[in-house]
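K.L.:
Residue numbers (the working numbering): 21 to 66.
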């Protein structure tokens, strides 16, 4: 999954789950760290 695909997924989910953005962000950040651990710190800071 590319970063563009992840961004599109985040945007799509955010539109549908706007009331739940904090939990959604945390869940997606966790998935990102699991799927791309070498990117962990840089992905969360940008």
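Glycine included, each C-beta is placed from N, C-alpha and C at the ideal position.
Quick caveat, the model's predicted, so the values are computed rather than measured.
Please report the residue range of the alpha helix (DSSP H) in which residue 29 lies.
P.N.:
In the chain shown, the residue the question calls residue 29 occupies position 9. From DSSP, the alpha helix (DSSP H) with residue 29 extends over 23-36.
K.L.:
Sorted by chain position, which residues of the same chain lie with C-beta nearer than 8 angstroms to residue 42's C-beta, five sequence neighbours on each side aside?
P.N.:
To locate residue 42, count along the chain shown from 1; it is residue 22. Within the same chain, residue 42 has no close Cβ partners at all.
K.L.:
Taking DSSP as the reference, what is the three-state secondary structure of residue 49?
P.N.:
Within the chain shown, the letter at position 29 stands for residue 49. Reduced to three states, the DSSP call for residue 49 is helix.
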